[in-house]
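Residue numbers (UniProt numbering), protein chains in the order written: chain A, 1 to 119; chain B, 1 to 458.
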């Protein structure tokens, strides 16, 4: 734990700075009420009413996030393998090549089905 | 290769007294804030020089206090919370963006052992067996700030900007993480001080040049900087996730962005450019005098500033990419290249470890490259065919600008009416034998039979 404890010191300093600046600026800044200024910015026209919770957005973002998770997990397996590569030898190499090929099959499928195309 | 260590100890770390840790924490904080203030003016001055302008030159000597003046001004500005905003999230988002930015430097080695008030310690706050993984984890924490800022503003532009920012950061983080694998293969450790120690003879940026290039591209994407600054593309999204932010809350995002630039540059320096080690000719002087004491801090900062300059250079040179091109580059170019490169570099290292002859390596490598090339030829380019078919379709039918009820410009391949038929009337020019000058209009001969009568009905 002694290796991780110093990070907490840095978190405290950064948090004090960030929260402190926001609080100080609300105290020292002027406050002049203006109804138009509190509207959402939409290039000067009347703002469109927004649904609560941000509304709907393109499914592509979900697809990207899901593909990201698959590859992120692959990377988590790659890291320890890479660190101990010299000890694992030929078996470790072949196992990881098999693993990468297996991950690549759905990746190629998604690619060919247009899952990675943005329009 | 390192000897097996227990999981919670790394030589030379974890036994500093509390006051040394406090000094290091404050020093890192001050270093990052000062670097940010410096980099903003530095960027503006360099971009100004590239565009033959003067740049900021009023506040302080040579204009170098400009960003400090801007910071004070932002602090004194009115704090606007839009009516439609989700107030708690809106207030917390800048803090969430700013805090992780400061944490990456906790594991960056700034130098070897030095003496602070008579106490021997490393010029690095701490190190962990998974230090590089820690940097990746912290780097992706920052995107929560952008996403929440976009979501909580209650306005369409910030929402789209926040979504773009998160999609972009996670896409390029994959590529970034894959580019580290080669480094771990050669270093045999994930601790940053260990990786710097392994680069004593040769920098990993030279051995693993493809990894380094991929990392350089992905670090620009990861920090939302030009030419990949799509989440804040003014032409489409006003200011992206920052549209509704003002005063010091906006400055917090700005600060986080600039610190993140320094962070990824510092990671690049540590993993690929030899960390705090002096560059080659200097490192040989006087038995490595420049690699001891406080000197390495200078080399480290010089390497980081060089990478920051590359950032600014890119911004001054390249136009912004389109979003689909950008995602295409990340998912379809950089990601496959990284995967193939990992297999290739692991294969080479294995062959080297097993003592296989060089001619054999070249033979098998050649066969592998040939197989990949043949395979890439067999995959048809479906999309291009589709586009060509669509374009051919468009060329066949006459273009009517008012077909949809309001005027629209022609698509590629379509001709606005009145541009073609004028020449075809000229009886002296035989059909198909275009004069050299006609090429400038780009008129295909197929459309030259548009008669003037046909134009009349529009």
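All residues carry an ideal CB built from backbone N, CA and C; glycine is no exception.
In the pairwise beta carbon analysis, the segment 159 to 174 of chain B is classified as touching the segment 216 to 223 of chain B: at least three pairs are separated by under 8 Å.
At least one beta carbon of chain B lies nearer than 8 Å to the beta carbon of residue 96/A.
Three or more beta-carbon pairs separated by less than 8 Å are not found between the segment 173 to 188 of chain B and the segment 102 to 121 of chain B, which leaves the two stretches without contact.
Here residue 162/B has 146, 147, 149, 150, 151 and 241 as same chain residues with Cβ atoms under 7 Å from its own Cβ, once five neighbours each way along the sequence are excluded. With respect to the 8 Å criterion, residue 269/B and residue 195/B are not classified as neighbours on the basis of their beta carbons. Using a Cβ-Cβ distance cut-off of 8 Å, the segment 52 to 62 of chain B and the segment 5 to 13 of chain A are not in contact, since fewer than three pairs of beta carbons, one from each stretch, lie closer than that value.
Following the DSSP letters along the chain, one finds residue 262/B in no beta strand (DSSP E) but inside the alpha helix (DSSP H) bounded by residues 247 to 272. Taking a beta-carbon distance threshold of 8 Å, residue 142/B does not count as an interface residue toward chain A. Here residue 43/B is buried, its C-beta having at least 16 other C-beta atoms within 10 Å. The alpha-carbon separation between residue 95/B and residue 27/B amounts to approximately 21 Å. From the listed residues 89/B, 132/B, 97/B and 82/B, the smallest Cα separation to residue 106/B is found for 132/B. Under DSSP, the beta-bridge partners assigned to residue 121/B are 114/B. For residue 8/A, the uninterrupted alpha helix (DSSP H) run begins and ends at 5 to 28, by DSSP. Counting only residues of its own chain and dropping the five nearest sequence neighbours on each side, residue 207/B has a CB closer than 7 Å to the CB of 186. Chain B has no Cβ within less than 8 Å of the Cβ of residue 99/A. Distance from the Cα of residue 10/A is smallest, within the candidate group 100/B, 336/B and 365/B, for 100/B.
Among the CB atoms of chain A, one or more fall inside 8 Å of the CB of residue 349/B. Only 19, 21, 22, 24, 25, 26, 28, 29, 30, 31 and 32 from the segment 19 to 33 of chain A bring a Cβ to less than 8 Å from some Cβ of chain B. Within a 10 Å sphere around the beta-carbon of residue 157/B sit 16 or more other beta-carbons, which makes this residue buried. Residue 40/B sits in a helix when the DSSP states are folded into three classes. Residue 408/B sits in coil when the DSSP states are folded into three classes, being neither helix nor strand. Residue nearest to residue 273/B within the set 360/B, 367/B, 72/B and 215/B is 215/B (criterion: CA-CA distance). Interface criterion met: the Cβ of residue 11/A is under 8 Å from a Cβ in chain B. Taking C-beta atoms as the reference points, residue 155/B and residue 84/B count as a pair closer than 8 Å. The C-beta of residue 126/B has 16 or more other C-beta atoms within 10 Å across all chains shown, which makes the residue buried. Setting aside the 5 residues that flank it on each side, residue 173/B is surrounded in the same chain by 136, 139, 140, 218 and 222, each with a C-beta closer than 8 Å to its C-beta; the list follows chain order. Secondary structure at residue 191/B: coil, using DSSP grouped into helix, strand and coil. Within the segment 45 to 79 of chain B, the residues whose Cβ lies closer than 8 Å to any Cβ of chain A are, in chain order, 74, 75, 76, 77, 78 and 79.
Put simply, the CB of residue 59/A is far from chain B, with every gap to its CB atoms at 8 Å or more. The C-alpha of residue 153/B lies about 29 Å from the C-alpha of residue 116/A.
The three-state secondary structure of residue 164/B, taken from DSSP, is helix.
In the structure shown, residue 360/B falls within a helical segment according to DSSP collapsed to helix, strand and coil.
Proximity to residue 309/B across 334/B, 265/B and 321/B peaks at 265/B, based on C-alpha coordinates.
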